[in-house]
Structures are given as structure tokens and as C-alpha cells.
Amino acid sequence: MNFIRLFFIFSTILTLLFTGLVISVDPYMKLGINVFGFKTKAVAQSRENKYYLYESSKKQYDAIIMGSSAAHRYPTSTVKNTINLETFNYAVQHSTPIDYLVILKHVLSKHRPKVIFLQIDFDALNQFYDVDNRLFNSPLKNFLASHETRTKPLFDHDYFTLAAIRDSLRVFYVNYFGKARHIYLEDGNYRKELPLKGKVKTRISSSKKYQISNERIEVLKEIQKICDKKQIELIAFSAPLSFEHLKIIKNTLSLKEKHQKFITHLDSVFRNFTNFQSLNKMKDYNSSEYFRDSTHPSLKMSEIILQQLLTSLKDKNNNESI
Numbered sequence: 002m003n004f005i006r007l008f009f010i011f012s013t014i015l016t017l018l019f020t021g022l023v024i025s026v027d028p029y030m031k032l033g034i035n036v037f038g039f040k041t042k043a044v045a046q047s048r049e050n051k052y053y054l055y056e057s058s059k060k061q062y063d064a065i066i067m068g069s070s071a072a073h074r075y076p077t078s079t080v081k082n083t084i085n086l087e088t089f090n091y092a093v094q095h096s097t098p099i100d101y102l103v104i105l106k107h108v109l110s111k112h113r114p115k116v117i118f119l120q121i122d123f124d125a126l127n128q129f130y131d132v133d134n135r136l137f138n139s140p141l142k143n144f145l146a147s148h149e150t151r152t153k154p155l156f157d158h159d160y161f162t163l164a165a166i167r168d169s170l171r172v173f174y175v176n177y178f179g180k181a182r183h184i185y186l187e188d189g190n191y192r193k194e195l196p197l198k199g200k201v202k203t204r205i206s207s208s209k210k211y212q213i214s215n216e217r218i219e220v221l222k223e224i225q226k227i228c229d230k231k232q233i234e235l236i237a238f239s240a241p242l243s244f245e246h247l248k249i250i251k252n253t254l255s256l257k258e259k260h261q262k263f264i265t266h267l268d269s270v271f272r273n274f275t276n277f278q279s280l281n282k283m284k285d286y287n288s289s290e291y292f293r294d295s296t297h298p299s300l301k302m303s304e305i306i307l308q309q310l311l312t313s314l315k316d317k318n319n320n321e322s323i
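For any residue, its number in this note's numbering is found by taking its place in the sequence shown, counting from 1, and adding 1.
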């Protein structure tokens, strides 16, 4: 009995210590807390890093790639080599339409691009898929409308993980003993990765609750309207999902219906929309050569998708300069 009591007390103390560590360090910059006055956080976050990359660059970017982490691996060089436009990859993790809108506003505050590639995840229109708190703690918050700001929640469920403890310790190491690890390279490109082998891991985050958000659809309409007004070519496309992932959606009645509505909404909102969430399109890419996991295409798959979009764009413009 004494052993059980001691174990319980020790576990409680350890849990409280690690919880306090994570809250005070705030490794993902979701809470806006910096108790120790760190100059940098060990975990590079795309909203802040890409904001400053874009702000500090002397290049004039005429093409922008936007989307979630699934769009990280679209190489800007592919766009530049094909249509000769300087390109910036402004994809950010866990994004929703409000992210796309504020990023567009940031881009337009510096320069009017000629082309925007906008990738949209199935989860992005799910009203139960929360807007990431990191948006409200990043410099992009300055481009939010007043009604779009929010009070920071006391805590975030992502922080109840071993990864959060690891990254909190990494913050200490980086600030006192090492250098910051930035995974975003020039022009917002993602770092090179070793190819994966084996079966593609399936990640279904929309399996419990999914409801199309009319508010987010209106935000997408606003993005199209802004691009029309600014005479920007907006190329929208659904984020590719692996063949097995799509099969699960198709075999789950509730998700199948929501997915059909998702595609229908995107097709009606955008003047130029391509659907890459099709079983027929994805059946030839059912391996880790093409997907890091079921929602994140590999570099090779990203290049294939970009080339398809660029070919259509060139055909539309009769191969003339854009």
C-alpha cells in the first residue's frame, strides 16, 4: 500500500512539473507565454518563420503557394522553371480559410502577385477543425479583422504530449547551448527529407465529427473576390489524399456525403479548381514513394501535382507569358 501511495504521489508531482514546464516554455507559441524570455523557440513554426522570410526577402514574388502542411513540399523552383515567375511557398501548418485570407492580405501589403496556388484540405472546411491558436500569436494577427480575434484559451490539447515535453527541453538547449533549427529554406521551401519505405500510414482526423462551415466557405469566396479585383490568377485545388485514405472516406457513409459536398463547394466557389481527391487519380500513386502519410504528399508527388496545374495554366494562356 505504501508503494502505491508513493508511486501516486511521485507520478502526480512529475506530471505537475512537466505540465508547468510546457506551459511556461510554450514551445509551439500557441499561448503567447515566454516566462524565461527566450529569444527563439526550438520548434520552427511556419506562420512566424514564413512571415519574416517573406518580409525580409528582396525578391519580388509573382507566384505564391498557399495551403496547409500538405503544401510544404511544393518546390518553388518547379514553378519558376516552368512559367518563369519568382515563387514563395507560404504554406502553414493546420491551416483553415482564415489563414489563407490573412496570408493573402500580407502578400498584397507588399506586392501584387500574378498567380496564387491555393491548396485546400478536406479538414479545412470542417467547423469542428479549430483555427490554430498559432495564427493569433503570430505577426499575421495584424491582418485579421477586429471580429476575427479571439481570447487565448487557457491551454491547448497538443501540449499534453511527450512531444511537447521534448520540444520544451529543446527550447532550453537551443537558447543556452545551441542554435535555432529552422526547417524552412529560402523562398519558403521545405528541407530535404529521406525517402520513406513501406506502407503509407493512414491518418483520418475527420472520422468523429465533420460539418461543412458556411462561414469558411464565405471566406473562400472573399479570397476569390479579392483575386478577381486585383487581377490575380487564382488556381485552387484539393489537397491530395492517398488511395487508401480516399477508400475509407468513400466507405464511410457520413464522410462520403460530406466529402462530396466539400468538392462541390470548392468547384462552385473557384473559377479555376482541380480535384486531386479522386480514387481514379490516386490509384496509381498508392505507395510511400508518393506520400509521406495519407494526407502529406512526398516531394515527388508534389512535383507531379504542380506540373499538372502548370500545364493547365500554360494551356489556358496559350503558352504565352503570364
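Backbone N, C-alpha and C fix where the C-beta goes; we use that ideal spot for every residue, glycine too. Here the structure is a predicted model, which is why all the values come from computation and not from measurement.
How many Å lie between K106 and F173 at the Cα? 34 Å
Step through the CB atoms of chain D and report whether any lies within less than 8 Å of the CB of T88. Chain labels in this structure do not include chain D; a single protein chain is all it has.
Given a threshold of 16 other Cβ atoms within 10 Å of its Cβ, counted over all protein chains shown, does A146 qualify as buried or as exposed? exposed
Take L311 and list the residues in its own chain whose beta-carbon comes closer than 7 Å to its own, dropping the five residues that flank it on each side. V80, T83, I84
So what does Y185 bridge to, in DSSP terms? Y191
Excluding five sequence neighbours on each side, which residues of the same chain lie with their C-beta closer than 6 Å to the C-beta of A240? A71, Q120, D122
Exposure label - L7; buried when at least 16 CB within 10 Å: exposed
Assigned secondary structure, F123 (DSSP; H/G/I helix, E/B strand, else coil): coil
Find the nearest neighbour of K1 within the set H95, F161, D63, V132, judged by alpha-carbon distance. The requested residue 1 does not occur in the structure, where the chain is confined to residues 2 to 323.
Are K277 and V201 touching if we call contact CB-CB under 8 Å? The amino acid occupying residue 277 in the given sequence is Phe; Lys does not appear at that position. Result no, Cβ atoms of F277 and V201 do not sit closer than 8 Å.
Could you give the uninterrupted runs of the beta strand (DSSP E) lying entirely in the segment 76–145, keeping only those of 3 residues or more? 88–90, 116–121
Can you tell me whether DSSP reads D294 as helix, strand or coil? strand
Do N35 and D188 come within 8 Å of each other at the CB atom, strictly closer than that value? no
Do R204 and T97 come within 8 Å of each other at the CB atom, strictly closer than that value? no
Excluding the 5 residues preceding and the 5 following L247 in the sequence, name in chain order all residues of the same chain whose CB lies nearer than 7 Å to its CB. Q278, L280, M283
For N252, count neighbouring Cβ atoms within 10 angstroms of its own Cβ and tell me buried if that reaches 16, exposed if not. exposed
May I ask which residues mark the beginning and end of the alpha helix (DSSP H) holding L310? 300–317
For L155, I'd like the list of residues in its chain whose CB is within less than 6 Å of its CB, leaving aside the five on either flank, ordered along the chain. Residue confidence is low: L155 scores 48 on pLDDT, short of 50, so the model does not pin down where it sits. Its coordinate-derived value is still stated next. Correct list: empty, nothing qualifies.
Segment limits, beta strand (DSSP E) that includes I66: 64–67
Taking buried to mean at least 16 other C-beta atoms within 10 Å of its own C-beta, is L267 buried or exposed? buried
According to DSSP, is L247 helix, strand or coil? helix
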